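Trainee:
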Amino acid sequence: MQGLNPSNRPHGDPSRHAPNRPAPARPVAPQQRRRDPAPSRLAYRLNRLMLTPLYRRLLHVGLPAFLAVMVAGIWLSDEDRRASLTGGIDGLVQKVQNRDEFMVRMMTIEGASPVVDKGLRAMLPVELPASSFDIDLEKLRERVLKLDAVEAIELRIKPGGVLSAVVTERVPVMLWRHARGIELLDKTGHRVASATSRDVRKDLPVIAGEGADKAAAEALALIDAAGPILPRLRGLERMGERRWDVVLDRGQRIMLPEDKAVMALEHAIALVRAQDLLARDVSVVDLRMGNRPILRLGLDAQNMLRRARGQEEIPTGDSADGDRAVASNNKKKAG
Amino acid sequence: MRDLYRNQRAMRNMRRQAMQRGVIAVLDIGTSKIACLVLQFDGPGQFRETDGVGPMAGQSNFRVIGTASTRSRGMRYGEIDNMAEAERAVRTVIQSAQKVAGVRVDHIIACISGARPASYGLAGEITLDGGKVNEEDVASVLAACEAPDFGRGREVLHAQPVNFAVDNRSGLSDPRDHAGNRLACDMHVLTIDGDAAGNLVHCIRRCDMELAGVASSSYASGLASLVEDEQELGAACVDLGGGTTGVSIFIKKHMIFADAVRYGGDLITQDIAKGLRVSHAVAERLKTLHGGVEATGRDDREMIELGGETGDWDTDRRSVSRADLIGIMRPRVEEILEGVAGILDAAGFDYMPSRQVVLTGGGSQIPGLDQLASRILGQNVRIGRPLRIQGLPHNATASAFSSAIGLALLTAHPQDEWWDFEMPSEAYPARSIRRAYRWFRNNW
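Just so you know, the sequences run in chain order A and B.
Here UniProt numbering is used: the first residue of the first sequence is 1, the next is one more, and so on.
Here UniProt numbering is used: the first residue of the second sequence is 1, the next is one more, and so on.
1) Determine, using beta carbons only, whether B:Thr191 and B:Val156 come nearer to each other than 8 Å.
2) At a Cβ cut of 7 Å, what residues of the stretch 89 to 110 of chain B count as close to chain A, listed as they run along the chain?
3) Give the interface partners of A:Ala38 over in chain B, defined as CB-CB distance under 7 Å, in chain order.
4) Using C-beta distances below 7 Å, list every residue in its chain close to B:Arg6, excluding the 5 sequence neighbours before and after it, in chain order.
5) What whole-angstrom Cβ distance do A:Ala193 and A:Ala149 have, given they're in contact under 8 Å?
6) Are the C-beta atoms of B:Asp28 and some chain A residue less than 8 Å apart?
7) Listing by chain order, which chain A residues have their CB less than 8 Å from the CB of B:Asp350?
8) What are the residues that DSSP puts in a beta bridge with A:Arg191?
9) With a threshold of 8 Å between beta carbons, is B:Asp208 in contact with chain A?
10) In whole angstroms, what is the alpha-carbon distance linking A:Met239 and A:Leu184?
11) Return the Cβ separation of A:Arg170 and A:Asp186 in integer angstroms, given the expectation that the two are a contact with Cβ distance under 8 Å.
12) Count the other CB atoms, across all protein chains shown, that sit within 10 Å of the CB of A:Pro159; report buried if there are 16 or more and exposed otherwise.
13) Beta strand (DSSP E) containing B:Thr360: first to last residue?
14) To the nearest angstrom, how far is it from the Cα of B:Asp81 to the Cα of B:Ala196?
15) By DSSP, does A:Lys260 sit in helix, in strand, or in coil?
16) Using 8 Å for Cβ pairs, my map puts B:His254 next to B:His178. What's the rounded Cβ distance?
17) By DSSP, does B:Asp106 sit in helix, in strand, or in coil?
18) Could you tell me which of B:Gln8, B:Val23, B:Arg9 and B:Ala10 sits nearest to B:Ala412, measuring between CA atoms?
19) How many Å lie between A:Asn291 and A:Arg234 at the Cα?
20) Identify the continuous beta strand (DSSP E) that holds B:Thr245 and give its terminal residues.
21) Just tell me which of B:Arg76, B:Ser218, B:Phe150 and B:Ala123 has its CA closest to the CA of B:Val138.
22) Note down, in chain order, each residue of its chain lying with its Cβ closer than 7 Å to the Cβ of A:His190, except the 5 sequence neighbours on either side.
23) Does DSSP classify B:Asp186 as helix, strand or coil?
24) Using a C-beta cutoff of 8 Å, does A:Leu63 count as contacting chain B?
25) Is B:Ile94 near the ligand HEM - that is, is its Cβ less than 7 Å away from at least one heavy atom of it?
26) Taking the C-alpha atoms as reference points, what is the distance between A:Ala268 and A:Ala226?
27) Spatial neighbours of B:Ser69 within its chain, please: C-beta separation below 6 Å, excluding the five flanking residues on both sides.
28) What residues match up with B:Tyr120 in a beta bridge as DSSP calls it?
29) Which residue's Cα is closest to the Cα of A:Pro228: A:Arg273, A:Ala83 and A:Pro37?
30) For the beta strand (DSSP E) that contains B:Pro161, what are its first and last residues?
31) Could you tell me whether the Cβ atoms of B:Leu306 and B:Arg298 are closer together than 8 Å?
32) How big is the Cα-Cα spacing for A:Ala320 and A:Ala122?
33) What first and last residue would you give for the alpha helix (DSSP H) that runs through A:Ser197?
34) State whether the stretch 241 to 253 of chain B contacts the stretch 215 to 223 of chain B, with contact taken as three or more CB pairs (one from each stretch) at a distance under 8 Å.
35) Whole angstroms are fine: how far does the CA of B:Val64 sit from the CA of B:Asp420?
36) Check for me: the beta strand (DSSP E) holding A:Leu230 runs from which residue to which?
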């Protein structure tokens, strides 16, 4: 290596010392700062604190729960976010509910008259097509049952999006005339519809008086039992909401007792058959006392009797006199 | 003595409290290793009668739920040398044991191996008033033991009644309800240096732990490694530790003597380090991996690489024969065993009916130690391993853990100490109601 040494330096100078080279340093082992394995006093105390069950539970359960509630609370404290959240949820629910599988497209109604059919369709709370989630069948059924003309209804949503309603209508069997008008009643006495006049249903018998609808079943039984007097029957009248009067034409009446009215009517019919009772001038057949039928004679018959006895006749035509006469007659009877 | 009584009583109450809570830790602070066992007391209901597990002196009541051991720091001769360092070591071991156990431990029972233990045999005697021994008489006879001058700054670590005698009947373990006129007792008192004990207490208090008891390490390792027959017939337990070598002598299931030699395995390591000019860590490794005390011809050919991290190639590539290593170790082991033999002589071990010596502790793992020991200590020498206790991991079953395990056994089944008896009524300050009651009962 000539180039490294200066060529002009004189070689072999005895006065020159050997170069003073420092001894090479001993290779130092890499100084690794060994970490003290002992926990610091603070770490030790914290560790022990964390091993305390209360703090442990607080940190593992309480803190996450608190954080979650806090984040949710902060996020929800904004009106817009709340609205968007509820809107999103509603939209999702709507999306599922409005799927094709859940849609109801048509309504079929069986066994209903045109009026009821129309009413039923009007009662449906939503316009078809609608989701089946929007149609509350139970509520609808309750509402429909409030219609007087409907006795029972079976509502179901059939596959294919059909809302089927099977309606059982009430059958009117009699007319009820009362102070507020005329109504059609079914066999249980439930109102079916109102009628403008008696001529609407001439085929049905008439009952009258307050509370007649509550005893409709009995009225039907009486009408069934009327038999030979049926052609003369004008109707039944409920007296004092407790007993029936059978009203016949020519102003005749059969007063029936409170209980066993049918039996009493049969008794009267037997009398009619045997003695042709009603063909005579009898205004009232009173059967209210079970074992003793009482007859009230007509005015002509009374006058005839009076004439035969030589008594004063009861004047006819004057209502005031008539009333008095009836009153005196009654008094006489009672005496 | 009054202060001591109160302190020990307080520690007993602490222990009872810890047992009720169910978790207690035992801590063996040695010179080379600190071990901590966390014990869970489940009560006696854990085993059924049909399991074949009897009460077993309380050993079936608990199980170990956490174990940790770490290198000891700041300790010398079984005493605390550097308080801050020792505290760090205690913190380390307690924290790792708690981590294993998963529970927080508040009460700790510690054992101390050094602190110059000194044994005293005391005798006391009283005349019985009632002709029958009752509980108060037992307390009185214990209080009547004449205590010699223990010296300045000495604390009583153990004061165990060893033997009771009523009239001429000696060898009673429970004299209550015996008829007689005279009750005598022998008590074994172990005292240690008060300052060393105070340092230990202070160190544990600084770790936020409540001290629930202190025991002598040599006593604890004797409890763990002597089998029941040896404890009954008489045996000495030699705990070859790092800084101290503890000796305890048992007969009739009572410790009657305990002492410690103030050198141990660390001295062997030091000799190796000096003799082979290696670092302390390397010397420790050589001792544990290749050490021995009986050289054979094969050991001359077995070369051991010394290794090391000095950075000097020549130094780090040396090798010695195993015979050289044994040649360094053997004189030191002999010296330790001769120290033990001196203690045994002083204790009168030669007059015991059965002269069984059990070697335990980390130093007992030196191969060939039992042959060497039988030449120095007598013929009946065996290497003892600690009793197996429930839940102890396998790496903590080595003989180095015998004092920790013995401490666990002592916790489960504590030995009656003088302070476990009611203080005799005469010792109460002022005339107490009890004394009045006694006077009434004697005179009416």
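Where a beta carbon is used, it is the ideal one built from N, C-alpha and C, also for glycine.
A quick note: this is a predicted structure, and the numbers were derived from the prediction, not measured.
Mentor: Taking the definition as stated:
1) The count along the second sequence starts at 1 and reaches residue 191 of chain B at position 191. The count along the second sequence starts at 1 and reaches residue 156 of chain B at position 156. The answer is yes: Cβ separation under 8 Å.
2) The stretch 89 to 110 of chain B vs chain A, Cβ under 7 Å: Ala89, Arg91, Thr92, Gln95, Gln98, Val103 and Arg104.
3) Walking along the first sequence from the start, residue 38 of chain A turns up at place 38. The contact set of A:Ala38 on chain B, defined by CB atoms closer than 7 Å, consists of Arg88, Ala89, Arg91 and Thr92 in chain order.
4) Looking up residue 6 of chain B in the second sequence gives position 6. Hits under 7 Å: none found.
5) One-based indexing of the first sequence puts residue 193 of chain A at position 193. One-based indexing of the first sequence puts residue 149 of chain A at position 149. The C-beta separation of A:Ala193 from A:Ala149 comes to about 6 Å, placing the pair in contact by the 8 Å criterion.
6) The residue given as residue 28 of chain B occupies position 28 in the second sequence. It does not; no Cβ of chain A falls within 8 Å.
7) Position 350 of the second sequence, counting from 1, holds the residue named residue 350 of chain B. The premise fails here: B:Asp350 is roughly 46 Å from chain A at the closest Cβ pair, so nothing lies under 8 Å.
8) Mapped onto the first sequence, residue 191 of chain A falls at position 191. A:Arg191 has A:Leu185 as its beta-bridge partners, per DSSP.
9) Translated into positions along the second sequence, residue 208 of chain B becomes position 208. Yes, because at least one Cβ of chain A sits closer than 8 Å to the Cβ of B:Asp208.
10) What you label residue 239 of chain A is simply residue 239 of the first sequence in a count that begins at 1. What you label residue 184 of chain A is simply residue 184 of the first sequence in a count that begins at 1. Between A:Met239 and A:Leu184, the C-alpha separation is close to 20 Å.
11) As a working note, residue 170 of chain A is residue 170 in the first sequence. As a working note, residue 186 of chain A is residue 186 in the first sequence. Indeed, because the Cβ distance is near 4 Å, the residues count as touching under 8 Å.
12) Locating residue 159 of chain A in the first sequence gives position 159, where the first residue counts as 1. By the neighbour-count criterion, in which 16 or more other beta carbons inside 10 Å mark a residue as buried, A:Pro159 falls on the exposed side.
13) Stepping through the second sequence from its first residue, residue 360 of chain B is reached at position 360. Unbroken beta strand (DSSP E) run through B:Thr360: Gln356 to Thr360.
14) Locating residue 81 of chain B in the second sequence gives position 81, where the first residue counts as 1. Locating residue 196 of chain B in the second sequence gives position 196, where the first residue counts as 1. Their Cα atoms are separated by approximately 9 Å.
15) The count along the first sequence starts at 1 and reaches residue 260 of chain A at position 260. Reduced to three states, the DSSP call for A:Lys260 is coil.
16) If you number the second sequence from 1, residue 254 of chain B lands on position 254. If you number the second sequence from 1, residue 178 of chain B lands on position 178. Contact between B:His254 and B:His178 does not hold, since their C-beta atoms are separated by about 19 Å, which reaches or exceeds 8 Å.
17) Counted from its first residue, the second sequence places residue 106 of chain B at position 106. In the structure shown, B:Asp106 falls within a coil segment according to DSSP collapsed to helix, strand and coil.
18) To locate residue 412 of chain B, count along the second sequence from 1; it is residue 412. Residue B:Val23 is the option with its Cα nearest to B:Ala412.
19) Working through the first sequence from its first residue, we reach residue 291 of chain A at position 291. Working through the first sequence from its first residue, we reach residue 234 of chain A at position 234. Their backbone Cα atoms lie some 26 Å apart in a straight line.
20) Your numbering for residue 245 of chain B matches position 245 in the second sequence. The continuous beta strand (DSSP E) containing B:Thr245 extends over residues Thr245 to Ile251.
21) Stepping through the second sequence from its first residue, residue 138 of chain B is reached at position 138. Looking at B:Arg76, B:Ser218, B:Phe150 and B:Ala123, the one whose alpha-carbon comes closest to that of B:Val138 is B:Ala123.
22) Along the first sequence, read from residue 1 onward, the residue named residue 190 of chain A stands at position 190. Counting only Cβ-Cβ distances below 7 Å, and skipping sequence neighbours, we find Asp148 and Arg170.
23) The residue labelled residue 186 of chain B in the question sits at position 186 within the second sequence. B:Asp186 falls in the strand class under three-state DSSP.
24) Translated into positions along the first sequence, residue 63 of chain A becomes position 63. So no, A:Leu63 is outside the interface.
25) Absence of the ligand HEM is noted for the structure shown, with no ligands found whatsoever.
26) Here residue 268 of chain A is taken as the residue at index 268 of the first sequence, counted from 1. Here residue 226 of chain A is taken as the residue at index 226 of the first sequence, counted from 1. Roughly 10 Å between the two C-alpha positions.
27) The residue labelled residue 69 of chain B in the question sits at position 69 within the second sequence. Its chain contains Lys33 and Ala35 as the residues whose beta carbon lies nearer than 6 Å to that of B:Ser69, once the 5 sequence neighbours on both sides are disregarded; these appear in chain order.
28) Numbered from 1 along the second sequence, position 120 holds the residue referred to as residue 120 of chain B. As computed with DSSP, B:Tyr120 is found in a beta bridge with B:Val189.
29) Mapped onto the first sequence, residue 228 of chain A falls at position 228. Among A:Arg273, A:Ala83 and A:Pro37, the Cα nearest to that of A:Pro228 is on A:Arg273.
30) As a working mapping, residue 161 of chain B is identified with position 161 in the second sequence. Per DSSP, B:Pro161 belongs to the beta strand (DSSP E) from Arg154 to Val166.
31) The count along the second sequence starts at 1 and reaches residue 306 of chain B at position 306. The count along the second sequence starts at 1 and reaches residue 298 of chain B at position 298. Between B:Leu306 and B:Arg298, the C-beta gap is not smaller than 8 Å, which leaves the two residues out of contact.
32) Looking up residue 320 of chain A in the first sequence gives position 320. Looking up residue 122 of chain A in the first sequence gives position 122. Reliability fails at A:Ala320, whose pLDDT of 45 lies under 50, so the model's placement of it is uncertain and the value that follows must be treated cautiously. Those two C-alpha atoms are separated by around 56 Å.
33) Residue numbering aside, residue 197 of chain A sits at position 197 when the first sequence is read from its first letter. No alpha helix (DSSP H) holds A:Ser197; DSSP gives it neither H nor E.
34) Cβ pair count under 8 Å is three or more, so yes.
35) For the purposes of this step, residue 420 of chain B is taken as residue 420 along the second sequence, with counting starting at 1. For the purposes of this step, residue 64 of chain B is taken as residue 64 along the second sequence, with counting starting at 1. Taking the straight line joining both Cα atoms gives about 26 Å.
36) Locating residue 230 of chain A in the first sequence gives position 230, counting from the first residue. Taken as a continuous stretch (DSSP letters only), A:Leu230 belongs to no beta strand (DSSP E), as it is neither H nor E.
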